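Read in order, the letters of the sequence shown are residues -19 to -1, 1 to 300 in mature numbering (1 follows the signal peptide of the UniProt record, and there is no 0). Cβ coordinates follow ideal geometry from the N, Cα and C atoms, glycine included. All values reported here derive from a predicted model rather than from experimental measurement. Accompanying notes for the structure given below.
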Amino acid sequence: MLSLLFMLSVDLLEPLMESWRNSLYPESAFEAMVRDWYLDSFRDLRSFPEIKDNNDEREFTQMIKAIKVRHNNVVPMMALGVQQLKKGMDPKIVSEDLDEIHQFLDRFYMSRIGIRMLIGQHVELHNPNPPLHCVGYIHTKMSPVEVAQNASEDARCICLREYGSAPEVNIYGDPKFTFPYVPTHLHLMVFELVKNSLRAVQERFMDSDIVPPIRIIVADGIEDVTIKVSDEGGGIPRSGLPKIFTYLYSTARNPLDEHSDLGTADTVTMAGYGYGLPISRLYARYFGGDLQIISMEGYGECSLLWFDHLNSCKIKVKL
Ligand SMILES: Nc1ncnc2c1ncn2[C@@H]1O[C@H](COP(=O)(O)OP(=O)(O)OP(=O)(O)O)[C@@H](O)[C@H]1O
Ligand SMILES: [Mg+2]
């Protein structure tokens, strides 16, 4: 376990260093901070002595738990770094260069999901009082309808805070249906999709008395579990579809222009980083699922999340 995490940390550092070396993208303060976190964690892991007894095992568990906390803010920090990069970007930089950034970030975040999953799994398996039906991070009887309800409420709270009102979210599906999955992963994906739909509907129907609800449908198939989030927020044109899964694309205002305290404050914004969709797709793909967006410009959008049943032998986990 120790050596696996060890190698993963090195693996993570390599692409980071590679991008610093590339003079096209100057290193920003946010990214330098993230790199330092990785170096600190790498040193902590390296210097930990060989595990010989239960006491060492407990100390190791505490140490990797602290590492996980240290890295809690990696995504917002990197997002701020990318926003900074976008603001100061040389217009001569062509789209193939952006592809390179996108691929690097995809690899980087996929490794991060893998490492956090491994640490979380290790820590939870050492929990003397594990929650009911949980094996580490995996909930063996997770109700997607319940998770979708919680994620929608969280997204609506942010919408209320930002716009003063929030469209309704109607969820259709059997609340008793369960399948083994990681609830925090599903929560994140539904939260991001609902946040996008709320923003689109809210902005389109700002001055209307009748606001169409967002609909979430949970379907249980033989192979797949599918969650569909649809809205009547006007959709996106076909020309915009190839861009929506890139980390540099957002039609919202740059959060760096809106909030000067973003580097320090614990603020969740409605939109603006261009991270919601690419990150959600990585989470879906981590356990062999996927995310697709179908748009009808002038009407609305439909996001489809697919998952394999986790006990299916087809599961491919990426580390
Ligand atoms: N349901 C939707 N209706 C209309 N446009 C959408 C919808 N979902 C996404 N988009 C478009 O895709 C872009 C990218 O979405 P994404 O969630 O990745 O980033 P974001 O919402 O701009 O910022 P954040 O990282 O804060 O979520 C959005 O800025 C928006 O233009
Ligand atoms: Mg979003």
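Go ahead and label residue i buried or exposed: buried means 16 or more other beta carbons lie within 10 angstroms of its beta carbon, across all protein chains shown.
| i | result |
| --- | --- |
| arginine 262 | buried |
| cysteine 283 | buried |
| glycine 279 | exposed |
| histidine 103 | buried |
| aspartate 289 | buried |
| glycine 69 | exposed |
| lysine 297 | Bear in mind that a pLDDT of 48 at lysine 297, under 50, signals an unreliable position, so the model cannot answer this. |
| proline 259 | buried |
| valine 210 | buried |
| asparagine 36 | exposed |
| lysine 295 | Here the model assigns lysine 295 a pLDDT of 48, short of 50, so the residue's position is not dependable and the matter cannot be decided. |
| glycine 145 | exposed |
| glutamine 273 | exposed |
| glutamine 84 | exposed |
| leucine 26 | buried |
| leucine 20 | exposed |
| leucine 286 | buried |
Sort the options by Cα distance to residue i and report the nearest one.
| i | options | result |
| --- | --- | --- |
| valine 175 | Ser189, Arg196, Leu113 | Arg196 |
| glycine 255 | Arg88, Ile225, Asp37 | Ile225 |
| glycine 117 | Pro109, Gly101, Ala132, Lys209 | Gly101 |
| methionine 98 | Ser178, Phe85, Asn53 | Asn53 |
| aspartate 190 | Ile152, Ala147, Leu113 | Ala147 |
| phenylalanine 158 | Ile139, Phe23, Lys122 | Lys122 |
| glycine 221 | Ser178, Val192, Ile275 | Ile275 |
| cysteine 115 | Tyr144, Tyr162, Tyr228 | Tyr162 |
| serine 22 | Ile32, Val50, Ser178 | Val50 |
| phenylalanine 41 | Met91, His107, Ser178, Ile152 | His107 |
| glycine 202 | Asp155, Val192, Leu113, Gln183 | Asp155 |
| proline 218 | Gly95, Met277, Gln273 | Met277 |
| glycine 257 | Tyr19, Gly145, Val56, Glu81 | Val56 |
| isoleucine 48 | Ile32, Lys33, Arg24 | Arg24 |
| serine 124 | Pro109, Ser92, Glu184, Ile208 | Ile208 |
| methionine 91 | Glu143, Pro111, Gly269 | Gly269 |
Return the chain-ordered list of same chain residues with a C-beta closer than 8 Å to the C-beta of residue i, the five sequence neighbours on each side being excluded.
| i | result |
| --- | --- |
| valine 128 | Pro164, Leu167, His168, Val171 |
| phenylalanine 11 | Met58, Met59, Leu61, Gly62, Gln65, Gly244 |
| arginine 180 | Cys140, Gly214, Ala233, Met251, Ala252 |
| leucine 79 | Thr227, Leu229 |
| proline 109 | none |
Tell me, to the nearest whole angstrom, how far the beta carbon of residue i is from that of residue j; I am working on the premise that it is less than 8 Å.
| i | j | result |
| --- | --- | --- |
| glycine 281 | aspartate 188 | Their Cβ separation, rounded to whole angstroms, is 18 Å, which puts glycine 281 and aspartate 188 out of contact at 8 Å. |
| methionine 44 | phenylalanine 29 | 6 Å |
| valine 199 | valine 126 | 5 Å |
| leucine 86 | tyrosine 228 | 5 Å |
| isoleucine 96 | tyrosine 264 | Not really, about 14 Å apart at Cβ, beyond 8 Å. |
| isoleucine 119 | serine 133 | The pair is not a contact, with the Cβ atoms about 23 Å apart (cut-off 8 Å). |
I'd like the list of long-range same chain contacts for residue i, defined as Cβ closer than 6 Å, with 5 residues on each side in sequence excluded.
| i | result |
| --- | --- |
| serine 4 | Caution is warranted here: a pLDDT of 44 is assigned to serine 4, below 50, making its placement in the model unreliable, and the coordinate value is therefore given only provisionally. Here the set comprises nothing. |
| phenylalanine 160 | Val206, His290 |
| valine 192 | Pro148, Phe186 |
| threonine 271 | Reading off the sequence shown, one finds aspartate at residue 271, where the question assumed threonine. Closer than 6 Å at the Cβ level, and outside the excluded window around aspartate 271, lie Ala265, Trp287. |
Quick one: what's got a C-beta closer than 7 Å to residue i's C-beta in the same chain, skipping five residues either side?
| i | result |
| --- | --- |
| isoleucine 230 | The question names isoleucine, but residue 230 in the sequence shown is tyrosine. Lys224, Gly255, listed in sequence order. |
| alanine 136 | Phe172, Val175, Lys176, Leu179 |
| asparagine 131 | His168 |
| glutamate 143 | Met251 |
Consider the C-beta atom of residue i and the heavy atoms of ligand 3; say whether any pair is separated by less than 7 Å.
| i | result |
| --- | --- |
| glycine 281 | Ligand 3 is not among the ligands present in this structure, which contains only ligand 1 and ligand 2. |
Inset, instruction - Let me know the beta strand (DSSP E) ranges lying completely inside the segment 117 to 178, each 3 residues or longer, listed in chain order. - result: Whole beta strand (DSSP E) segments, 3+ residues: 119 to 123, 150 to 153, 160 to 162.
Inset, instruction - Counting only runs of 4+ residues fully inside the segment 51 to 93, write out the alpha helix (DSSP H) ranges in chain order. - result: The DSSP assignment places complete alpha helix (DSSP H) segments of no fewer than 4 residues inside the segment 51 to 93 at 55 to 68, in order along the chain.
Legend entry - Whole runs of the alpha helix (DSSP H) within the segment 257 to 292, excluding any shorter than 4 residues: DSSP runs (the alpha helix (DSSP H)) wholly in the segment 257 to 292: 257 to 267.
Inset, instruction - Could you tell me which uninterrupted alpha helix (DSSP H) segments, each at least 4 residues in length, are contained entirely in the segment 195 to 241, listed from first to last along the chain? - result: Counting only runs of 4 or more, we get 236 to 239.
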